[in-house]
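Residue numbers (the working numbering): 8 to 327.
Taking it in order: structure first as structure tokens, then the write-up.
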């Protein structure tokens, strides 16, 4: 079974298609050359009044055009099949990862609840248990939210309620609320130009901020160091999340916004669903914005950039 899977890998299939097409072309040309004399004799016998000079080459060219059209169709089918194969593989990995993501906090919750039921811990230990259980519920809620949001975005069932709003205030308030939930050794710095307005859906934009923050925390090397900036650039708002984490290789930069895609080594386990950046891109696109990332490579951190249409504060205040 494993040998068969290797045999039908996309690369082997692509090479096989190319070889088959070359063989068919060679066969067609050789067959045509061998039978060219017969074509001429038939043309002279049954159509002596017809010009013969270019008739044979017309037949050859028509055959080649037909073969090229067939090759193009097969190539399109191959690309679609390869994409579906890749998506199916990512879905299998996603199901395995999400199952683990659910089981870990649930097992922790069950363990702490059973411990509390079997023996009453002292107040200090009880407080520790409660804090851990709250963290587990937050983790579960974040995972469930991402699953539901990604499903609705993919099926285009989310309708954003875009209103003029103070983006600077929204980003500041959200991140300051999250400061208390960051790891003790994490460092989050803000450089936000005040009173930058844009047409935004507050709930959807908070979804974007949450996923960018979680992504920076998950892929940090050592203590997380995150810098968030917001600037006005002409008719655009420029929001940037920069971290000093593991960075992203060139081959992964165009893939990280795909649904289910995760940047990780084959032998490592990283928490998360692989949906966060897909949600970020989908939401920003619906805000008529643009999102991209910059990274100098592995070990050099990553910066996520978002551009949104900017409006004047007076316009936002008049519609608020």
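Yeah, the Cβ is synthetic: ideal placement off N, Cα and C, and Gly gets one too.
Note that the structure is a prediction, hence the values are computed from the model and not measured.
By the C-beta density criterion, residue 313 is buried, having at least 16 other C-beta atoms within 10 angstroms. Within its own chain, the residues whose Cβ lies closer than 6 Å to the Cβ of residue 28, once the five positions on either side in sequence are excluded, are 78, listed in chain order.
If the five residues before and after residue 146 are omitted, its C-beta is found closer than 7 Å to the C-beta atoms of 112, all from its own chain and listed in chain order. Judged by their CB atoms, residue 167 and residue 211 are nearer to each other than the 7 Å cut-off. Across the structure, residue 106 and residue 178 are spaced so that their CA atoms are roughly 32 Å apart. In the three-state reduction of the DSSP assignment, residue 263 falls in the coil class, being assigned neither a helical nor a strand state. Two segments are said to touch when three or more pairs of C-beta atoms, one from each, lie closer than 8 Å; by this definition the region 299–314 does not touch the region 194–203.
Only exposed fits residue 22, as fewer than 16 other CB atoms lie within 10 angstroms of its CB. Annotation: the continuous alpha helix (DSSP H) that includes residue 157 extends over 130–161. With 16 or more other CB atoms across the displayed protein chains lying within 10 angstroms of its CB, residue 206 is buried. Where residue 256 is concerned, there is no enclosing alpha helix (DSSP H), because DSSP gives it neither an H nor an E. Residue pairing from DSSP leaves residue 41 without any beta-bridge partner.
For residue 186, the enclosing alpha helix (DSSP H) starts and ends at 174–186.
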